[in-house]
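Undergrad:
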Amino acid sequence: MKRFIITGALHGFLAVAFGAFGAHALDGILDDYGQDIWNKAVQYQMLHATGLLVIGLLMSNKILGEVKQLNIAGIVFNLGIVFFSGSLYVLALSGIKVLGAVTPIGGVLFLTGWVCIIIAAMKHAR
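Quick note on numbering: this note's numbering labels position 86 of the sequence shown as 78, and the sequence is numbered without any gaps.
(1) Which residue from LEU2, VAL90, LYS115, LEU83 puts its Cα closest to that of LYS60?
(2) In three-state terms, what does DSSP make of MET114?
(3) Let me confirm a value: PHE75 is counted as buried when at least 16 other C-beta atoms fall within 10 Å, else exposed. Which label applies?
(4) For MET51, which residues in the same chain have their Cβ closer than 6 Å to its Cβ, ignoring the five residues on either side in sequence?
(5) Would you mind sorting TYR36 into buried or exposed? The rule is 16 or more other CB atoms within 10 Å of its CB.
(6) Is the beta carbon of GLY14 sitting closer than 8 Å to the one on VAL34?
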């Protein structure tokens, strides 16, 4: 529970920092394509940071508890942020197009996490 609240808050912090960095420090450095990629990375990082916070709260003993599916969801959300947003950040900065092949791995990890949350709610909701 605690680890997903902490990692969610950390990813949220980084998403705000990277968003500001992209808007200010990279203004005029990235073209429109690079800026769009950067913004998509920030958006998905923040959305799934919020998801990690929710997972942490759902793992409270007063809600669903520390069920296996929520633990898996938290792990794959963290990995998804690294693969999805991380590959997009590097792609935006480097222009190395082959990194775009890594991004869907993160997307599949995100989808897996959402399915795990659905399963946890269906199996363990009181």
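The C-beta atom is built at its ideal place from N, Cα and C for all residues, glycine as well.
TA: Based on what the coordinates show:
(1) Here residue 60 refers to the residue found at position 68 when the sequence shown is read from its first residue. Checked all of LEU2, VAL90, LYS115, LEU83; the closest Cα to LYS60 is LYS115.
(2) For the purposes of this step, residue 114 is taken as residue 122 along the sequence shown, with counting starting at 1. DSSP places MET114 in helix when its eight states are reduced to three.
(3) Reading the sequence shown from its first residue, position 83 is the one you call residue 75. Buried, since its Cβ has 16 or more Cβ neighbours within 10 Å.
(4) As a working mapping, residue 51 is identified with position 59 in the sequence shown. Excluding positions up to five away in sequence, the list reads MET(-7), GLU58, LEU62.
(5) As a working mapping, residue 36 is identified with position 44 in the sequence shown. Buried, since its Cβ has 16 or more Cβ neighbours within 10 Å.
(6) Residue 14 sits at position 22 when you count from the first residue of the sequence shown. Residue 34 sits at position 42 when you count from the first residue of the sequence shown. A contact, by the Cβ cut-off of 8 Å.
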